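A.B. asks:
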Amino acid sequence: MDCEDNQFHLTGTTRILNTVSSFGSSGGLGEAAAWLCLREDIYISLISQRPLRTDLHRFSNSDVFHRDDDFAWASRMVFLLAKVLKYAFNYDRTVNPSMLEDIGKEIENWNTKKPSTFQPIQYVPRSNEVHRRFPGVWMLLPVHVVGVQYYHIAQIILAFSNCPSPSLAYESFKQARNVEKIVRGHLLTVLGLAKSNPRAENTLFTARHSLVSWGWILRHRQDQEAAENLLRDVETRTGWDVSQSIQSLREQWCDGSDD
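All the letters of the sequence shown, read from the start, carry residue numbers 141 to 399 under my numbering.
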C-alpha cells in the first residue's frame, strides 16, 4: 500500500472500524484486525503527510491500556503515534499547541516507564565506516523493535510540529538546523532498528516509509548510500519495488546539495 494508490482497501476497512465501535476493544480477531487497520492508516499518514482517518476513540476501551505485558506496551506506543498523526498533519485547522505538548508528555512518559525488555540488548554507535552509518540497535523481540521504532518516529513528527512561525531570519534558520539535527538522529535510529533486527520484518516497511517522508534530511553521501542499500535490502527481502523511492530520494538529495 502506498499513498499513490486509490487506497480502497484502507478506506473500506476504516469506515467499518469507525462505524462498529466495538472492533477496537472487542478482543480476539476483531480487535486484532482493528489494530492492523490502524497501522496501515499510520503508514499512509506518514507518507502522505495527512491526518489519520481512523476514529481513535474506538480503541479507548481496549485492554492494552490496562495490561502490563510487552505487547500491550508496544500497542500503546502505536496508539500514541496515531494520536500525534491525528493532530500534527491536520493543516486545515489550527491545533492548540498545548494538545501536541500533552501528547509529547505522554510519549516521553511511555519511554521513561517502558519495561526494561525494551532496552537494546546491544547498542553500537554509528561510525564513518560505510557499513556502519546507522547505529546498531539489537532488540530482544520484534515487538520491542516496533515499540521503540514508533517512539522515534513520533519524536520526528513532534520535532517538525514544534517549528516556530517565521520570525527573525537568523533565529528561524538556527531553529530549523536544530530541528534537522534532532530529526536526523531519530531517523538514523529508526533505520538502525530495522537493519539490526531481521526477524522484525515489518520494521523494514516502517523504515522505507520513513525514508520516503524524511530521507531528504540525510546530507552526507555515506548516509545516503547506506539508505539506498537498506532500501535494496527491503526489496530483496519483501519484494517491494523501491526503485521509485530511490530515484525520488536522489532528486531530493541533489536539490539539497551545495552549488
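Idealized CB from N, CA, C, for every residue including glycine. Just so it is clear, the structure is predicted and the values come from calculations on it, not from any experiment.
1. Taking just the CA atoms, how far does T346 sit from G164?
2. Kindly list the residues whose CB is nearer than 7 Å to the CB of L298, restricted to its own chain and excluding five residues on each side of it in sequence; keep chain order.
3. By the three-class DSSP mapping on this structure, what secondary structure does G170 have?
4. Residue range of the beta strand (DSSP E) that V382 falls in?
5. Report the residue from Y291, A222, N236 and R266 whose alpha carbon sits nearest the alpha carbon of F199.
6. Expressed to the nearest angstrom, what Euclidean distance is found between the alpha-carbon atoms of I386 and E365?
7. Going by the DSSP bridge assignment, what does Q262 pair with across the sheet?
8. Counting along the chain, where does the alpha helix (DSSP H) carrying W406 start and finish?
9. Counting only the same chain and skipping the five closest in sequence on each side, list residues whose C-beta sits under 8 Å from that of V319.
10. State the CB to CB distance for the pair L370 and A334, rounded to an integer number of angstroms; the pair is presumed to be in contact (CB under 8 Å).
11. With distances taken Cα to Cα, identify the nearest neighbour of L196 among V286, T329, R359 and W175.
12. Would you call D181 buried or exposed, if buried means 16 or more other Cβ atoms sit within 10 Å of its Cβ?
13. Which residues in the same chain as V277 place their Cβ atom closer than 7 Å to its Cβ, once the five residues preceding and following it in sequence are excluded?
14. Candidates L186, V204 and Y183: which alpha carbon is nearest A172's?
15. From the DSSP output, in three-state form, read off L176 for me.
16. Tell me the rounded alpha-carbon separation between Q289 and E248.
17. Could one say the Cβ of P260 lies closer than 8 Å to chain B's Cβ atoms, at least one of them?
18. Just confirm the distance between the C-beta atoms of V374 and L344, as a whole number of angstroms; I'd bet it's less than 8 Å.
19. Give the single residue among D395, R348, L281 and L169 whose Cα lies nearest to the Cα of Y183.
20. Quick check on this structure: which residue in F274, L186 and G170 has the alpha carbon closest to the alpha carbon of W404?
21. Can you tell me whether S387 is helix, strand or coil according to DSSP?
22. Quick check on S185: does DSSP put it in helix, strand or coil?
23. Buried or exposed for H292, going by 16 or more other Cβ atoms inside 10 Å?
C.D. replies: This is what the structure holds:
1. The residue given as residue 164 occupies position 24 in the sequence shown. The residue given as residue 346 occupies position 206 in the sequence shown. Note on G164: pLDDT 47, under 50, position unreliable in the model; no value is reported.
2. Within the sequence shown, numbered from 1, the residue matching residue 298 stands at position 158. Only V224, L240 and G244 meet the Cβ criterion.
3. Position 30 of the sequence shown, counting from 1, holds the residue named residue 170. Three-state result, G170: helix.
4. For this step, residue 382 is matched to residue 242 along the sequence shown. From DSSP, V382 is part of no beta strand (DSSP E); its letter is neither H nor E.
5. Within the sequence shown, numbered from 1, the residue matching residue 199 stands at position 59. Of the candidates Y291, A222, N236 and R266, the one whose C-alpha sits nearest the C-alpha of F199 is A222.
6. In the sequence shown, residue 386 corresponds to position 246, counting from 1. In the sequence shown, residue 365 corresponds to position 225, counting from 1. Approximately 10 Å between the Cα atoms of the pair.
7. As a working mapping, residue 262 is identified with position 122 in the sequence shown. DSSP output for Q262 lists W278 as bridge partner(s).
8. Shown here, the chain extends from 141 to 399; a query on residue 406 therefore has no answer.
9. Position 179 of the sequence shown, counted from the first residue, corresponds to residue 319. Result list for V319: A299, F300, N302 and C303, in chain order.
10. Here residue 370 refers to the residue found at position 230 of the sequence shown. Here residue 334 refers to the residue found at position 194 of the sequence shown. About 7 Å separates the two Cβ atoms, so the contact holds.
11. Residue 196 sits at position 56 when you count from the first residue of the sequence shown. For the residues V286, T329, R359 and W175, the minimum Cα distance to L196 belongs to W175.
12. Position 41 of the sequence shown holds residue 181. Looking at its Cβ environment, which holds 16 or more other Cβ atoms inside 10 Å, D181 is buried.
13. Position 137 of the sequence shown, counted from the start, is the residue given in the question as residue 277. Correct list, in chain order: P260, Y263, T329, G332, L333 and S336.
14. Indexing the sequence shown from 1 puts residue 172 at position 32. If we check each option's Cα against that of A172, V204 comes out closest.
15. Start at 1 with the first residue of the sequence shown, and residue 176 comes out as number 36. Residue state, collapsed to three classes: helix.
16. If you number the sequence shown from 1, residue 289 lands on position 149. If you number the sequence shown from 1, residue 248 lands on position 108. About 14 Å.
17. Among the chains of the structure shown, chain B does not appear; only one protein chain is present.
18. In the sequence shown, the residue the question calls residue 374 occupies position 234. In the sequence shown, the residue the question calls residue 344 occupies position 204. Yes, V374 and L344 are in contact; Cβ-Cβ is about 5 Å, under 8 Å.
19. On the sequence shown, residue 183 is found 43 positions in, with the first residue counted as 1. For Y183, the nearest C-alpha among the options comes from R348.
20. In the structure as shown, the chain starts at 141 and stops at 399, and residue 404 therefore has no counterpart that could be examined.
21. Sequence index remark: in the sequence shown, residue 387 carries index 247 (1-based). Per the sequence shown, the amino acid found at residue 387 is Gln instead of Ser. In the structure shown, Q387 sits in a helix (DSSP, three-state: H, G or I).
22. Working through the sequence shown from its first residue, we reach residue 185 at position 45. In the structure shown, S185 sits in a helix (DSSP, three-state: H, G or I).
23. If you number the sequence shown from 1, residue 292 lands on position 152. It is buried - the Cβ of H292 has at least 16 other Cβ atoms within 10 Å.
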